[in-house]
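Undergrad: In the numbering used here, the protein residues as written are 6 to 321.
Sharing a structure with you now.
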């Protein structure tokens, strides 16, 4: 327990530090994900508060019964007291502007595809100026075949699509964080008891440790959910929408492939379990005569090597 709790405490502390670094990185690279998992609808004056718990209401774009920790979010996400964190509403407005810029880039791209080497320089310059927002124009493909024909209403809809569903993201993040700090508490308890205490563990603590065995997997799944669900509607944030990166294979092809994999590995599992059970029931082989012969040969080698008779051998 002393060794396990020592490694566990170091690992739990490391995970919290790495998670903090990941959150700081999201401030610069995935701002909508950060705002969504914090339920931050409006841009607040720096430093922003951290919403400990609350009930996000996506339709009204507000949090009900929210409990805040002053200044905490600003310190965690920006590591400063003066940097603002943009809220969801401001990011949606920014997305509308980027969609319009993306339409300009899309139009230039279509011209480049048609003209190729004969593309006028102003078109190339236009694409260079707005190319970073091209992915936002692709969000309009959900509503129109040609983003250049999109209406203002469709642009607004596409911008709203950049907001993932907030409440599952909000709570998945908090479950993950709560479990992370719980791991520190559990490991610290056993670390102190095993290294500085009497090594007498209460029964409730031992049962609690057993009950906690699946929680690292739960925390990992919550983290995976935050990472994958939080970046929707993007496969590559700001560049490739998820709708465009879906495979063109038919459902039948995918189903047959998955069925084949499941069947193949199920057969391997059955074979492996059968062999394991077979040799477990059989038990280890015990051949006394061969063992005695091997021991005699070993004793002879010792005599030959040292020139002396060993003090004793198992055969004696």
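For every residue, glycine included, the Cβ atom is placed at its ideal position computed from N, Cα and C.
Quick check: residue 118 and residue 29, are their CB atoms within less than 8 Å of each other?
TA: Counted from its first residue, the chain shown places residue 118 at position 113. Counted from its first residue, the chain shown places residue 29 at position 24. It is not a contact, given that the beta carbons lie outside the stated cut-off.
Undergrad: Could you tell me the alpha carbon to alpha carbon distance between residue 142 and residue 255, rounded to whole angstroms?
TA: For the purposes of this step, residue 142 is identified with residue 137 of the chain shown, where counting begins at 1. For the purposes of this step, residue 255 is identified with residue 250 of the chain shown, where counting begins at 1. Using only the alpha carbons, I get a separation of about 26 Å.
Undergrad: If we ignore side chains and look at the alpha-carbon of each, how far apart do residue 98 and residue 193 end up?
TA: Along the chain shown, one-based indexing puts residue 98 at 93. Along the chain shown, one-based indexing puts residue 193 at 188. Their Cα atoms are separated by approximately 46 Å.
Undergrad: Does DSSP put residue 73 in a helix, a strand or coil?
TA: By one-based count along the chain shown, residue 73 stands at place 68. In the structure shown, residue 73 sits in a strand (DSSP, three-state: E or B).
Undergrad: Assuming residue 235 contacts residue 42 (C-beta within less than 8 Å), just tell me the rounded distance between them.
TA: Residue 235 sits at position 230 when you count from the first residue of the chain shown. Residue 42 sits at position 37 when you count from the first residue of the chain shown. Confirmed, Cβ separation roughly 6 Å.
Undergrad: May I have a chain-ordered list of the alpha helix (DSSP H) segments no shorter than 4 residues that lie completely inside the region 163–229?
TA: 171–201 and 208–216
Undergrad: Would residue 321 be called buried (16 or more neighbouring beta carbons within 10 Å of its own) or exposed?
TA: As a working mapping, residue 321 is identified with position 316 in the chain shown. Note that residue 321 scores 44 on pLDDT, short of 50, meaning its location in the model is unreliable; the coordinates nonetheless yield the value given after this. Counting Cβ neighbours within 10 Å, residue 321 comes out exposed, since fewer than 16 surround it.
Undergrad: Just tell me which of 183, 140, 305 and 203 has its CA closest to the CA of residue 241.
TA: Along the chain shown, one-based indexing puts residue 241 at 236. When only C-alpha atoms are compared, the closest one is 140.
Undergrad: From residue 210 to residue 25, what distance separates their C-alpha atoms?
TA: Taking the chain shown and counting its residues from 1, the one referred to as residue 210 is at position 205. Taking the chain shown and counting its residues from 1, the one referred to as residue 25 is at position 20. Spanning the two alpha carbons is a distance of roughly 29 Å.
Undergrad: Which partner residues does residue 67 have in the DSSP bridge list?
TA: As a working note, residue 67 is residue 62 in the chain shown. According to DSSP, which records beta bridges pairwise, residue 67 is partnered with 62.
Undergrad: Give the straight-line distance between the Cα atoms of residue 120 and residue 134, rounded to the nearest whole angstrom.
TA: Sequence index remark: in the chain shown, residue 120 carries index 115 (1-based). Sequence index remark: in the chain shown, residue 134 carries index 129 (1-based). Their backbone Cα atoms lie some 19 Å apart in a straight line.
Undergrad: Could you work out which residue in 105, 46 and 78 is closest to residue 158 when comparing CA atoms only?
TA: On the chain shown, residue 158 is found 153 positions in, with the first residue counted as 1. Nearest of 105, 46 and 78 to residue 158, Cα basis: 105.
Undergrad: Quick one, are the C-beta atoms of residue 196 and residue 19 less than 8 Å apart?
TA: Indexing the chain shown from 1 puts residue 196 at position 191. Indexing the chain shown from 1 puts residue 19 at position 14. Contact flag unset, no.
Undergrad: Would you please state the rounded distance, in angstroms, between the beta carbons of residue 31 and residue 39? I believe it to be under 8 Å.
TA: Stepping through the chain shown from its first residue, residue 31 is reached at position 26. Stepping through the chain shown from its first residue, residue 39 is reached at position 34. Their Cβ separation, rounded to whole angstroms, is 5 Å, which keeps residue 31 and residue 39 in contact under 8 Å.
Undergrad: Would residue 138 and residue 110 be called neighbours here (beta carbons separated by less than 8 Å)?
TA: For the purposes of this step, residue 138 is identified with residue 133 of the chain shown, where counting begins at 1. For the purposes of this step, residue 110 is identified with residue 105 of the chain shown, where counting begins at 1. The criterion of a C-beta distance shorter than 8 Å is satisfied by residue 138 and residue 110.
Undergrad: Output the distance between the C-alpha atoms of residue 283 and residue 272, rounded to the nearest integer angstrom.
TA: The residue you call residue 283 lines up with position 278 of the chain shown. The residue you call residue 272 lines up with position 267 of the chain shown. Straight-line Cα distance between these residues: approximately 16 Å.
Undergrad: So, using beta-carbon positions, are residue 161 and residue 61 closer together than 8 Å?
TA: Position 156 of the chain shown, counted from the first residue, corresponds to residue 161. Position 56 of the chain shown, counted from the first residue, corresponds to residue 61. Cβ distance not < 8 Å, so residue 161 and residue 61 don't count as in contact.
Undergrad: From which residue to which residue does the alpha helix (DSSP H) around residue 257 run?
TA: Residue numbering aside, residue 257 sits at position 252 when the chain shown is read from its first letter. It spans 256–287 - the alpha helix (DSSP H) in which residue 257 sits, taken as one unbroken run.
Undergrad: Per DSSP, which one or two residues make a beta bridge with residue 124?
TA: Looking up residue 124 in the chain shown gives position 119. Looking at the DSSP assignment, residue 124 forms no beta bridge with any residue, so it has no partner.
Undergrad: Using DSSP's beta-bridge definition, name the partner residues of residue 55.
TA: Walking along the chain shown from the start, residue 55 turns up at place 50. Paired residue(s): 74.
Undergrad: Three-state secondary structure (DSSP) at residue 251?
TA: Residue mapping note: residue 251 aligns to position 246 of the chain shown, counting from 1. Coil.
Undergrad: So does the region 41–58 actually touch the region 71–81, counting three or more Cβ pairs closer than 8 Å?
TA: yes
Undergrad: Tell me where the beta strand (DSSP E) around residue 240 begins and ends.
TA: Translated into the one-based positions of the chain shown, residue 240 becomes position 235. 239–241 is the span of the beta strand (DSSP E), which, as asked, contains residue 240.
Undergrad: Under a three-way DSSP split, which group does residue 152 fall into?
TA: Position 147 of the chain shown, counting from 1, holds the residue named residue 152. Three-state DSSP puts residue 152 in a helix.
Undergrad: Name the one or two DSSP bridge partners that residue 91 has.
TA: As a position in the chain shown, residue 91 is number 86, starting the count at 1. The partner list for residue 91 (beta bridge, DSSP) is empty, contrary to what the question assumes.
Undergrad: Across the region 87–94 and the region 210–227, are there enough close Cβ pairs to call them in contact, namely three or more that are closer than 8 Å?
TA: no
Undergrad: Classify residue 3 as buried or exposed, calling it buried when 16 or more other Cβ atoms lie within 10 Å of its own Cβ.
TA: Since the first residue of the chain shown is 6 and the last is 321, residue 3 is not available in this structure.
Undergrad: Could you say which of 75, 44 and 277 lies nearest to residue 69 if we only look at CA atoms?
TA: Stepping through the chain shown from its first residue, residue 69 is reached at position 64. The shortest C-alpha separation from residue 69 is found at 44.
Undergrad: Kindly indicate the opening and closing residues of the alpha helix (DSSP H) around residue 44.
TA: Within the chain shown, the letter at position 39 stands for residue 44. Per DSSP, residue 44 belongs to no alpha helix (DSSP H) and is neither H nor E.
Undergrad: Straight-line CA distance for residue 248 to residue 127?
TA: Counting from one through the chain shown, the residue named residue 248 turns up at place 243. Counting from one through the chain shown, the residue named residue 127 turns up at place 122. For residue 248 and residue 127, the distance between alpha carbons rounds to 31 Å.
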